[in-house]
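Residue numbers (my numbering): 35 to 253. Glycine residues also receive a C-beta, built at the ideal position from the N, C-alpha and C atoms. The model shown is predicted, which means the values in this text are computed figures rather than measured ones. The structure appears right after this line, and notes come after that.
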Amino acid sequence: MTETKIYEAYNLLLKSFGRQGWWPRFDNNRFIYNKDFKNSKPSEDEAFVISISAILAQNTNWKNVEKAVINLNKENLLSKEALLKIDVGKLAGLIKPAGYFNQKAKKIKEFLKFNKEISRENLLEIWGVGEETADSILLYAYNFPIFVIDAYTKRIFNRIGFKLKNYKEFQELFHKNLVKDYKLFNEYHALLVELAKRNCRKVPICGNCPLNQVCEKLI
DNA sequence: CCCCAGGCCGCGC
DNA sequence: GCGCGGCATGGG
35 MTETKIYEAY NLLLKSFGRQ GWWPRFDNNR FIYNKDFKNS KPSEDEAFVI SISAILAQNT
95 NWKNVEKAVI NLNKENLLSK EALLKIDVGK LAGLIKPAGY FNQKAKKIKE FLKFNKEISR
155 ENLLEIWGVG EETADSILLY AYNFPIFVID AYTKRIFNRI GFKLKNYKEF QELFHKNLVK
215 DYKLFNEYHA LLVELAKRNC RKVPICGNCP LNQVCEKLI
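Written out as structure tokens, the structure reads:
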């Protein structure tokens, strides 16, 4: 049964990897994972940094995102007011380590203009914010119970045996078969990212995969 | 040298 | 609506 399998996969991942503590909070010039999972709602300042880092993380290694955020922090630029004051070229130079720096500088500038109510529909109107970035902001910065789908999620669940294609289909799979609990969605997505890094890579390493008992291995 | 990374946009069809 | 090229640094 689909529902059982999705919960089972979650429990296996959690047992195997433990809590991931996403989204890491930026404090004292470094990112910290909340492994003890206090899970308090991020402050407005924290939500802003999460949102900016979600844009920087697009198709980019997280370590490079950290470098870019540290560059911004050293210039005291981790606030909407401060970022509004600098020009897009200067911003691009500071976020260089995150890659696509010209595009991302423009995307951040567009995000700074956003002044509507936080909702999926409104976030998607921002140039540079697509479905995954919008959902990441909603879930991790504002604790909306919205499941984040990324390339890893698609890869993993296609291998396990769900033959789905687009973002919407994958998201419905989780929304229809899990209780809408932001803590569950938070942890599940983070665990999937970890699985993709350790085992379910493009060329998979299946030997010690925690999901072997629920995977069809149709590779 | 290669490939990949916590995607998105603009375009052609 | 779908596929594809462009965007780009840093690590393995």
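Given residue i as reference, the closest of the options once Cα atoms are compared
i	options	result
V163	D61, E42 and I89	I89
D169	R193, Q205 and E144	Q205
K140	L118, E155 and R154	L118
T94	K69, K143, A175 and T167	T167
E100	N63, D121 and F135	N63
S74	F65, I239, W57 and Q137	W57
S85	Q137, E151, E155 and L172	L172
K147	K199, A116, K202 and A102	A116
V83	E165, H223, F65 and R232	F65
Y134	L112, N98 and K188	N98
N233	R154, C243 and N177	C243
E5	K124, A175 and K69	There is no way to answer for residue 5, as the model of the chain reaches only from 35 to 253.
Q54	E159, N192 and K69	K69
S113	I142, L47 and G123	I142
L218	A230, N177, K202 and V237	N177
Extent of the continuous beta strand (DSSP E) run through residue i
i	result
F148	Counting along the chain, F148 falls outside any beta strand (DSSP E), and DSSP gives it neither H nor E.
D288	Summary: the structure shown does not reach residue 288, with the chain confined to residues 35 through 253, and so no result is reported for it.
F65	R64 to I66
D61	R59 to D61
Exposure label - residue i; buried when at least 16 CB within 10 Å
i	result
S87	buried
K49	exposed
R59	buried
A185	exposed
A91	buried
E228	buried
H209	exposed
E221	buried
I190	buried
K150	exposed
L158	exposed
Residue i: first and last residue of the uninterrupted alpha helix (DSSP H) it sits in
i	result
S87	E78 to L90
T187	A185 to I194
F219	Y216 to R232
> Any contact of the stretch 238-249 with the stretch 36-44, i.e. 3+ C-beta pairs under 8 Å?
Replying inline: In short, these stretches touch, since the Cβ pair count reaches three.
> Within the chosen definition, does the stretch 100-111 reach the stretch 124-133 through at least 3 CB pairs nearer than 8 Å?
Replying inline: Counting Cβ pairs under 8 Å, three or more are found: they touch.
> On the three-pair Cβ rule with 8 Å, is the stretch 209-217 touching the stretch 176-188?
Replying inline: The stretch 176-188 and the stretch 209-217 touch, with three or more beta-carbon pairs separated by less than 8 Å.
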